[in-house]
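In our numbering, the protein residues as written are 28 to 347. Read through the structure below, which is laid out as structure tokens, and then see the notes.
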């Protein structure tokens with residue numbers, strides 16, 4: 028089935044979202060498409076050093092954007108429409124950005140260094156939104172942590188790995204269909220006014236929740252979260268002519284090859300799963316014929332190594 032619009036190698040493509048969005052970025056690069064990197068990092072660093080400091084993982088160094096309120100927040104911060112009340116976290120003499128707590132693995136040496144980096148980062152985010160022709164956003168979660176004072180939404184629970192948790196300041200939130208959809212629509216409208224030529228492709232991450240703060244079992248929490256995200260994505264596609272949906276979630280989770288597309292942990296998407304989803308993505312948007320699934324795929328394939336993608340929630344939970 029062809030997409031609502033086409034992409035080609037001349038278009039500047041940007042991505043954001045959950046951990047699965049990183050697979051989209053890598054495949055775009057591998058297949059010769061023009062993947063945007065507006066915050067490439069300091070010259071002279073080796074590729075491994077750049078990756079360790081989260082350069083090139085996404086177009087700019089914003090880390091995982093798990094929820095649609097986070098996406099709106101990123102856009103508003105880039106254009107100086109919102110400044111969070113929480114400026115920094117001080118932990119063991121190092122300074123951390125609350126909205127990018129794992130960008131610098133060892134934190135910043137000074138508050139001035141953090142502020143300098145943040146200013147350059149937000150300029151790179153502005154450039155991404157202003158210049159991209161295609162914006163691919165992977166919806167990943169509905170659960171998050173919010174500041175009670177100004178509504179800031181954090182990528183992970185404050186106090187996990189860095190910072191200090193204070194229940195008087197932070198609250199758990201599980202966004203519903205209305206909140207998720209309203210935030211998604213708010214972003215799409217604002218982005219459309221800024222960059223009228225740009226198209227938006229929405230996907231839903233097939234990766235289940237690693238843990239939940241809800242009262243439900245993590246399986247139930249995953250079903251709820253993915254259902255909300257899928258409904259919101261469909262509402263957006265139905266409401267905006269320049270928005271389309273690519274079914275990466277369905278490709279991985281709702282076919283007879285699910286046992287091949289997930290590794291033994293039931294959570295890691297295998298290389299076979301990534302390849303199949305992206306073969307279909309390029310068939311839908313670039314007109315590249317998708318080959319049939321490869322015969323003899325090993326369902327016990329453990330998939331990419333754990334450091335193949337950067338997941339903030341895994342980093343945070345490992346510190347608990």
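Think of the CB as a built atom: it goes at the ideal place given N, C-alpha and C, for glycine as much as any other residue.
Specify the secondary structure class of residue 216 as computed by DSSP and reduced to three states. Numbered from 1 along the chain shown, position 189 holds the residue referred to as residue 216. In the structure shown, residue 216 sits in a helix (DSSP, three-state: H, G or I).
Less than 7 Å separating the beta-carbons of residue 295 and residue 288? Mapped onto the chain shown, residue 295 falls at position 268. Mapped onto the chain shown, residue 288 falls at position 261. Not in contact: residue 295 and residue 288 (Cβ atoms no closer than 7 Å).
Could you tell me which residues DSSP puts in a beta bridge with residue 270? As a position in the chain shown, residue 270 is number 243, starting the count at 1. In the DSSP output, where bridge partners are listed per residue, residue 270 has 227.
Identify which residue in 79, 114 and 93 has its Cα closest to the Cα of residue 129. Translated into the one-based positions of the chain shown, residue 129 becomes position 102. That would be 79, whose Cα lies nearest to the Cα of residue 129.
Let me confirm a value: residue 53 is counted as buried when at least 16 other C-beta atoms fall within 10 Å, else exposed. Which label applies? As a first step, residue 53 must be located in the chain shown, where it is residue number 26. Under this definition residue 53 is a buried residue.
Backbone secondary structure at residue 39 - three-state DSSP: Taking the first residue of the chain shown as position 1, residue 39 is located at position 12. In the structure shown, residue 39 sits in a strand (DSSP, three-state: E or B).
Answer with buried or exposed for residue 83, where buried requires no fewer than 16 other C-beta atoms within 10 angstroms of its C-beta. Within the chain shown, the letter at position 56 stands for residue 83. Per the 10 Å Cβ criterion, buried.
Length of the line joining the Cα atoms of residue 29 and residue 310: Numbered from its first residue, the chain shown carries residue 29 at position 2. Numbered from its first residue, the chain shown carries residue 310 at position 283. One C-alpha to the other measures close to 7 Å.
Cβ neighbours of residue 101 in the same chain (closer than 7 Å, five flanking residues each side left out): Here residue 101 is taken as the residue at index 74 of the chain shown, counted from 1. The answer, listed in chain order, is 89, 92 and 152.
C-alpha distance - residue 124 paired with residue 192, whole-angstrom precision: What you label residue 124 is simply residue 97 of the chain shown in a count that begins at 1. What you label residue 192 is simply residue 165 of the chain shown in a count that begins at 1. For residue 124 and residue 192, the distance between alpha carbons rounds to 15 Å.
Sub-7 Å separation of residue 264 and residue 231 beta-carbons: Taking the first residue of the chain shown as position 1, residue 264 is located at position 237. Taking the first residue of the chain shown as position 1, residue 231 is located at position 204. Not in contact: residue 264 and residue 231 (Cβ atoms no closer than 7 Å).
Collapsed DSSP secondary structure at residue 308 in the structure displayed: The sequence position of residue 308 within the chain shown is 281, counting from 1. In this structure, residue 308 counts as helix in the three-state DSSP scheme.
Compare the Cα-Cα distances from residue 224 to each of 104, 270 and 252 and report the closest residue. Position 197 of the chain shown, counting from 1, holds the residue named residue 224. The option with the nearest alpha carbon to residue 224 is 270.
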